[in-house]
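My numbering applies: residue 36 is where the sequence shown begins, and numbers increase by one. Notes follow once the structure below has been shown.
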Amino acid sequence: MCSNVSYFCALIKPWSCLLIIQYDNRRDHCCFLSQTGVHLFIMGKRDENQTRVLIYAQPPGTCLHLHSAGILTGYGSSHYHWEAPFFGPHLVVRGEGTFTWPGGSQKVTPGSMFCLLPGMRVEYWENPRRPWQYYWLEIYGAGILEFARGCGFTPNKPVWHAEVYHPIADMMHELWQCLDTREPAHPYTIQAKLYTFARLCAEASGALPRALQQISLIDRACGIIDSQLHTGLNVSDLAACLGVSRTTLFNLFKEKLGVSPVEYLREQRIRRAREMLARRNDLSIREIARACGFANSKYFLRLFKQCTGRTPSQWRADPPPTIYPE
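Below you can see the structure in the form of structure tokens.
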């Protein structure tokens with residue numbers, strides 16, 4: 036007897052006739068043998084969902100992780116209801132179907148991407164005459180809504196169409212391959228591919244301008260100063276880093292912060308020195324001056340007293356208790 040064929044017996048009421056039911060998994064049909072003859076019923080074949088699950092824990096230092104990935108092939112009866120706790124992007128690569136969410140309904144065809152979002156009820160099904168195939172990912176972690184938005188998905192617009200979708204399909208296939216339990220990829224390799232997937236989606240969906248919102252010039256300037264206080268950074272260096280003139284930089288700081296770039300840089304160096312004097316008893320005053328970008332210790336002593344009214348030694352001996360809480 037072929038292992039793909041199963042036999043069942045059933046007593047059907049109210050006719051009280053004995054049925055012998057033969058199910059053939061290869062041909063997806065049932066053959067009913069009853070007292071009145073042989074009856075053939077075509078059965079809908081179940082979806083083939085090639086699912087792979089990550090075997091590693093979330094990589095240290097990351098906020099997102101790919102939990103699982105899959106390739107689903109439908110056979111005419113694919114129909115799902117979801118309210119997922121994760122971000123689940125789907126890419127249709129064959130056939131067609133319909134995707135509905137609280138805000139609307141849309142036909143999906145090859146190149147269409149639709150997604151599951153936390154707390155959003157969705158329903159999607161394939162066209163029985165054009166069964167579909169799609170890739171899917173299951174992504175968890177902090178910031179998944181922001182990550183989804185960067186990929187072009189929002190609760191109001193959880194579906195979009197890519198004219199050129201093969202790069203996205205290739206990347207989703209690579210992510211699926213990374214989860215092969217026989218040769219699993221390194222977790223950081225998976226993480227890198229996940230962000231490449233996000234970039235491809237952002238480009239294809241037109242979300243790239245939103246995903247890469249420009250940081251304002253003043254914020255960039257302040258960020259550079261804060262990260263380079265330990266160096267000899269001056270206003271000319273800062274202007275060169277930002278690609279603007281000293282005059283433009285001066286006007287910007289005056290307009291946004293009410294001080295000149297030189298004054299702001301000096302204030303931040305003194306602020307850092309106050310913090311270090313209050314917390315780093317293991318460092319000498321000269322070492323703290325150098326760590327805050329002061330090459331001349333005497334200038335540091337004079338400027339510190341001018342700004343705070345006390346010498347660095349006096350500040351270290353009796354720092355204000357409420358200024359720098361732990």
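Where is the CB? At the ideal position from N, CA and C, for every residue including glycine.
(request) Answer with buried or exposed for residue 352, where buried requires no fewer than 16 other C-beta atoms within 10 angstroms of its C-beta. (result) For this step, residue 352 is matched to residue 317 along the sequence shown. Answer is exposed; the Cβ neighbour count stays below 16.
(request) For residue 127, count neighbouring Cβ atoms within 10 angstroms of its own Cβ and tell me buried if that reaches 16, exposed if not. (result) Against the sequence shown, residue 127 aligns to sequence position 92. By the 10 Å Cβ count, residue 127 comes out buried.
(request) Assign residue 137 to one of two classes, buried (16 or more other C-beta atoms within 10 Å of its C-beta) or exposed (fewer than that). (result) Indexing the sequence shown from 1 puts residue 137 at position 102. By the 10 Å Cβ count, residue 137 comes out exposed.
(request) Tell whether a beta-carbon distance below 7 angstroms holds between residue 109 and residue 161. (result) The residue labelled residue 109 in the question sits at position 74 within the sequence shown. The residue labelled residue 161 in the question sits at position 126 within the sequence shown. The Cβ atoms of residue 109 and residue 161 sit closer than 7 angstroms to each other.
(request) Take residue 208 as the anchor and find which of 98, 191, 106, 350 has the nearest alpha-carbon. (result) If you number the sequence shown from 1, residue 208 lands on position 173. Considering only alpha carbons, the answer is 106.
(message) For residue 270 and residue 293, what's the separation of their Cα atoms in angstroms?
(response) Counting from 1 along the sequence shown, the entry for residue 270 is found at position 235. Counting from 1 along the sequence shown, the entry for residue 293 is found at position 258. Rounded to whole angstroms, the separation of the alpha carbons of residue 293 and residue 270 is 16 angstroms.
(request) Let me know if residue 117 comes out buried or exposed under the rule of 16 or more other beta-carbons within 10 Å of its beta-carbon. (result) The residue labelled residue 117 in the question sits at position 82 within the sequence shown. Counting Cβ neighbours within 10 Å, residue 117 comes out exposed, since fewer than 16 surround it.
(message) My parser needs the beta strand (DSSP E) runs of 3 or more residues fully inside the region 154 to 219; what are they?
(response) The qualifying runs are 156 to 161, 168 to 176, 194 to 196.
(message) So within the region 262 to 292, which uninterrupted alpha helix (DSSP H) runs reach at least 4 residues, ignoring any that extend past its ends?
(response) Complete alpha helix (DSSP H) runs here, min 4: 270 to 277, 281 to 291.
(message) Could you tell me the alpha carbon to alpha carbon distance between residue 170 and residue 308, rounded to whole angstroms?
(response) For this step, residue 170 is matched to residue 135 along the sequence shown. For this step, residue 308 is matched to residue 273 along the sequence shown. In this structure, the CA atom of residue 170 is about 54 angstroms from the CA atom of residue 308.
(message) Rounded to the nearest angstrom, what separates residue 87 and residue 206 at their Cα positions?
(response) Taking the first residue of the sequence shown as position 1, residue 87 is located at position 52. Taking the first residue of the sequence shown as position 1, residue 206 is located at position 171. Approximately 15 angstroms between the Cα atoms of the pair.
(message) For the beta strand (DSSP E) containing residue 104, name the first residue and the last one.
(response) As a working note, residue 104 is residue 69 in the sequence shown. 99 to 108 is the extent of the beta strand (DSSP E) around residue 104.
(request) Out of 227, 236, 149, state which residue places its alpha-carbon closest to the alpha-carbon of residue 194. (result) One-based indexing of the sequence shown puts residue 194 at position 159. Of 227, 236, 149, the residue nearest in Cα terms is 149.
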